[in-house]
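Contents: one structure, followed by commentary.
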Amino acid sequence: MVGLPARGKTYISQKGIKTKVFNVGNCRRELCGAQQDNTFFDPNNPCGQKQRKEAADLTLQDMLTWYSEQDGVVGIYDATNSTVQRRQWLHETLTQHDIQVFFIESICDDEKLVAANIRDVKLSSPDYKDMDPETAVSDFEARIAQYQSQYETIVEQDYSYIKLINVGSQFIVNMVKGYLESRIVYYLMNLHIRGRKIYMSRHGESMYNLDGKLGGDSDLSPRGRLYAQMLPGIIKEKLDGKEMVVWTSTLKRTIQTSEHLPYSKLHRKALDELDAGVCDGLTYEQVEEKYPEDFARRDEDKFNYRYRGGESYRDVVHRLEPIIMDLERQEDVLIIGHQAIIRCLYGFFMNYNQDELPYIKIPLHTLIELTPKAYSCEEKFYKADIPAVDTHREKPKQPRHPLTTQAIPGSGGEVPSPIAPSSPSINVPSSS
Ligand code: ATP
Ligand code: F6P
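According to our numbering, the sequence shown is numbered sequentially starting from 2.
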């Protein structure tokens, strides 16, 4: 990251591909204490300079350790990095460790926006805890001026970089290499910071839900139809006259749930429920009976387990990537999806890890409202007063079919477990 304070560097870093953010400011607070006034950031203050360099060194070291010991994929070094010298040091150190470097610079000369950013997020920073807001604002402005005095925008033509100018009004992209960098560029070009809400709901209760069956393409149950009738009223109250778009899957139960909504609709295949393959149409009990090893394997590692002829949660996360990208571009949107799909989308915005994600409780007949904020998402659940079955299955405390290599009594040796190895998974970076 490159940019003056309050240009959204940390905001931008929180988004997108599974990453770990290494924030120099946090390290500086730990080393030197939070409440330093602007003179600490004066380039002519040798003591401040020394301590800031120490925080920068330690944070970079931390990131290098993460790459080497924890198989890190995308590390974000979140600091101002606002001089040629600082970037040269970063570039050299990282390339020596075979790490590809991509700079993301956020430039913003919209004074009103910067002033609003300071009030929105900087006043609540530990740097200004218990301080009078006006004193804090003027100190932060003085801090920006300290950085401004030595700020050098990126001109290093041999580096890969993107400059985001005035939140999406202009972009300058240089020497983008490879798939991942191009996805990051695409993603950043879609980011906006206008306030908006993301609504999510599972379809109304379906006939298959009543029977406890997985998958399929069944109709809504009578109670599910009631939910579909009630949904426009619930949404209207929240929207307060604003427009929005509705995305459903291509399956009947989500389309029927959207039936009475007076907004433009898009039926998207990527939102179809996780494909249960050969288990489609079975109940959990029938799956356990017919495919006991598979059933146990799913309990063991639900995120990675791929149904025979079907999908894993990992596959679904991958297939939802374009939806997530599109969501960044949108204003208010309602997604009517399925249990696994809403788990993945909700889990993405609420930063759940891979082990927790497949067990997130997303009840039927409940509208979820997410409001993206600078560093997190606010959430509200609105439960409609229409009963529905509970389709959530908890992770069993004890596996019912042991999956470990088993010793055969009396044989003196070990035989491999009879369970087939899991099908290969696609390479989605593991969560940080
Ligand atoms: P610091 O250097 O003090 O840590 P920062 O550059 O990391 O500051 P953030 O803490 O991320 O800034 O500031 C968040 C604010 O910036 C939010 O209010 C967010 O809406 C806004 N913001 C997000 N993206 C941009 C952008 N591209 N330009 C300007 N402001 C932005
Ligand atoms: O001042 C903004 C800030 O985010 C500080 O909190 C942090 O110490 C600093 O930038 C990190 O950047 P630099 O490496 O330029 O000191």
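We put the CB at the ideal spot given by N, CA and C, even for glycine. Nothing here was measured: the structure is a model prediction, and the numbers come from that model.
Between isoleucine 77 and methionine 2 the beta-carbon gap is near 7 Å, inside 8 Å, which marks them as a contact. Going by beta carbons, tyrosine 292 and isoleucine 236 fall outside the 8 Å limit.
Distance from the CA atom of valine 174 to the CA atom of isoleucine 108, rounded to whole angstroms, is 13 Å.
Glutamine 287: member of the alpha helix (DSSP H) spanning 285-291, first to last residue.
Separation of the CB atoms of tryptophan 248 and valine 317 is rounded to 15 Å, and the pair is thereby denied contact status at 8 Å. Of all alpha-carbon atoms in Glu289, Asp302, Gly73, Lys270, the one lying nearest the alpha-carbon of leucine 321 is that of Lys270. Residue pairing for tyrosine 228: DSSP places it in no beta bridge. Taking a contact to require three or more Cβ pairs closer than 8 Å, the region 172-187 and the region 114-129 do not qualify as touching. In this chain, the alpha helix (DSSP H) harbouring serine 69 covers 47-70. Taking a cut-off of 8 Å on C-beta distances, the region 215-230 does not touch the region 356-363, as fewer than three cross pairs fall below it. Using a Cβ distance threshold of 8 Å, glycine 338 and leucine 272 count as a contacting pair. Around the beta carbon of glutamate 312, a 10 Å sphere encloses 16 or more other beta carbons of the protein chains shown; the residue is thus reported as buried.
DSSP places glutamine 171 outside any alpha helix (DSSP H); the residue lies instead in the beta strand (DSSP E), whose first and last residues are 171-175. Taking the CA atoms as reference points, lysine 51 sits about 55 Å from glycine 242.
As the crow flies, the alpha-carbon of serine 259 is around 44 Å from that of glycine 4.
Here the distance from the Cβ of leucine 371 to the nearest heavy atom of the ligand ATP is not below 7 Å. At a threshold of 7 Å, asparagine 118 counts as near the ligand ATP, since its beta carbon sits closer than that to one of the ligand's heavy atoms.
In this structure, tryptophan 67 lies away from lysine 10, with their beta-carbon atoms at least 8 Å apart.
Judged by DSSP in its simplified three-state form, isoleucine 235 adopts helix. Under DSSP, no beta-bridge partner is assigned to threonine 154. In this structure the region 132-152 touches the region 74-93; the number of beta carbon pairs closer than 8 Å is three or more.
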